[in-house]
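These notes are about the structure you will find just below.
Numbering (our numbering), first residue to last: -3 to 412.
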């Protein structure tokens, strides 16, 4: 009787049981709240930047300011994760994020409202601080997941790890736009700051300190991670796919104000355009849970990138609000399928002692391309058209989808 109970307890758990399991459960729920808060910041920062400038390029610059630190500092953050305490990094990172959003809320209150701001500079500065906090704790959030689960649970855990991003993308923008319209941007930024601080408290109190992966004398340089990638081209392709997925997610944020103006909508539509992508990402989570064992992760990764590309291309025609929302929902489904599949494949083939640095490169790939994508999308929307911006991004994602054929993603490291 006792042996049977022990076997059941050690059996791999599905997504439903992991939701309430010690460690991974609190991490999931805390990330839902915190990431929703970051998306509140993202959409309200875009709204405020567009209000004070009237330029999609300035909105893109605000996004670039937030995502640029992830491109530059992710390798250093990953090195610290392998060498130090990932839990501490997550806590400190979210406190910095809270300081960025909270500081902007105070600035707006002291200025007497958005009209009193000296242009978009405060939004740029606050978004830069938020980006620094995200990169400080982001790689650690990815690295800690395998330490909180049993063998055989990685695919379910990575789907669960991706779900907060999808839930937040659906709820955060709509909530942020609603609060900003009803009560003002300052309150929206205060809510964003409170969500990040709450997550820091949850991590500190409820998530165990993970074991350190690197033995004494191990090479903890970023160069060691790059050397591993040279021996494993499939991992490089996985990172390229993650980068394409991240770039494919940018238009739903950067182009939302310009798309709303083109469609003749109000501030609420800005939130719904961004949230439609997030709603699709949430649907993608359900599709992944049902299909990954039958279809296989490499096939889902390629199909997800293709769906994102097609959704963006369809949205570029923008015959009406319903069409745009449906197209971006399809693109969001593709984002979840591709990112979750690519991330699981990468985690599965990465040695534990390199996990922090490799997942830091994952982080840089997923978010590091966003500054360039945001700047390009804003520039194209201002100088050519919103349609051109959507088509260019969709074409790039489609090219990467063609490169990420399942056979390429299945290639073992020994063939490198």
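Heads up, the beta-carbon is just placed ideally off N, CA and C, and yes, glycines get one too.
Since this is a predicted model, take the numbers as computed values, not measurements.
For residue j and residue i, believed in contact at Cβ under 8 angstroms, the rounded distance
| i | j | result |
| --- | --- | --- |
| residue 234 | residue 405 | 7 angstroms |
| residue 303 | residue 329 | 6 angstroms |
| residue 10 | residue 152 | 6 angstroms |
| residue 393 | residue 305 | 4 angstroms |
| residue 58 | residue 120 | 6 angstroms |
| residue 245 | residue 338 | Going by Cβ atoms, the distance from residue 245 to residue 338 rounds to 13 angstroms, so no, they are not a contact pair. |
| residue 129 | residue 175 | Not confirmed; about 21 angstroms, so no contact. |
| residue 188 | residue 97 | 4 angstroms |
| residue 218 | residue 71 | 5 angstroms |
| residue 56 | residue 243 | Between residue 243 and residue 56 the Cβ distance is about 13 angstroms, and since that is not below 8 angstroms, they are no contact. |
| residue 402 | residue 295 | 5 angstroms |
| residue 159 | residue 273 | Residue 159 to residue 273, Cβ: 15 angstroms. No contact. |
| residue 34 | residue 253 | Between residue 253 and residue 34 the Cβ distance is about 18 angstroms, and since that is not below 8 angstroms, they are no contact. |
| residue 84 | residue 228 | Incorrect: roughly 30 angstroms between the Cβ atoms, too far for contact. |
| residue 28 | residue 164 | 7 angstroms |
| residue 132 | residue 73 | 6 angstroms |
Which of helix, strand or coil DSSP assigns to residue i
| i | result |
| --- | --- |
| residue 143 | helix |
| residue 401 | coil |
| residue 16 | coil |
| residue 39 | helix |
| residue 380 | coil |
| residue 203 | coil |
| residue 257 | helix |
| residue 292 | coil |
| residue 251 | coil |
| residue 344 | helix |
| residue 406 | helix |
| residue -3 | Here residue -3 scores only 36 on pLDDT, less than 50, and its place in the model is too uncertain to base an answer on. |
| residue 81 | coil |
| residue 315 | coil |
| residue 181 | helix |
| residue 51 | coil |
| residue 8 | coil |
| residue 217 | coil |
| residue 169 | helix |
| residue 3 | A caution first: residue 3 carries a pLDDT of 37, below 50, which makes its placement in the model too unreliable to give a value. |
| residue 245 | coil |
| residue 372 | helix |
| residue 65 | helix |
| residue 412 | With a pLDDT of 37 at residue 412, under the threshold of 50, the modelled position of this residue cannot be trusted; read the value that follows with caution. DSSP places residue 412 in coil when its eight states are reduced to three. |
| residue 365 | coil |
| residue 300 | helix |
| residue 74 | helix |
| residue 262 | coil |
Environment of residue i [buried if 16+ CB atoms lie within 10 Å]
| i | result |
| --- | --- |
| residue 313 | exposed |
| residue 395 | exposed |
| residue 367 | buried |
| residue 226 | exposed |
| residue 102 | exposed |
| residue 7 | exposed |
| residue 324 | buried |
| residue 201 | exposed |
| residue 250 | buried |
| residue 198 | buried |
| residue 117 | exposed |
| residue 351 | buried |
| residue 16 | exposed |
| residue 309 | buried |
| residue 89 | buried |
| residue 240 | buried |
| residue 238 | buried |
| residue 12 | exposed |
| residue 40 | buried |
| residue 397 | buried |
| residue 327 | buried |
Residue-level contact to chain D via CB, residue i, 8 angstroms cutoff
| i | result |
| --- | --- |
| residue 245 | Included in the structure is just one protein chain, with no chain D present. |
Any non-hydrogen atom of the ligand SAH closer than 7 angstroms to residue i Cβ
| i | result |
| --- | --- |
| residue 219 | Among the components modelled here there is no ligand, and therefore nothing to report on the ligand SAH. |
- the region 188 to 198 touching the region 294 to 303, judged by at least three CB pairs closer than 8 angstroms: Too few Cβ pairs lie closer than 8 angstroms, so no.
- Query: Should the region 284 to 295 be called in touch with the region 364 to 379, which here means at least 3 C-beta pairs below 8 angstroms?
  - Reply: Contact between the region 284 to 295 and the region 364 to 379 is absent, because fewer than three Cβ pairs lie under 8 angstroms.
- Query: Is it true that the region 343 to 362 meets the region 136 to 148, where meeting means three or more beta-carbon pairs spaced less than 8 angstroms apart?
  - Reply: Touching, yes, given that three or more Cβ pairs across the two stretches are closer than 8 angstroms.
- Message: Quick test of the definition: if touching needs 3 or more C-beta pairs under 8 angstroms, does the region 170 to 177 touch the region 90 to 109?
- Response: No: the two stretches stay apart, fewer than three of their Cβ pairs being nearer than 8 angstroms.
- Message: Whether or not the region 177 to 189 and the region 49 to 63 are in contact is what I'm after, with contact meaning three or more pairs of Cβ atoms, one per stretch, closer than 8 angstroms; do they touch?
- Response: Contact fails: fewer than three Cβ-Cβ distances are below 8 angstroms.
- Task: Just list the alpha helix (DSSP H) runs in the region 94 to 168, keeping only unbroken ones of 4 residues or longer that don't cross its boundaries, in chain order.
- Result: Complete alpha helix (DSSP H) runs here, min 4: 117 to 139.
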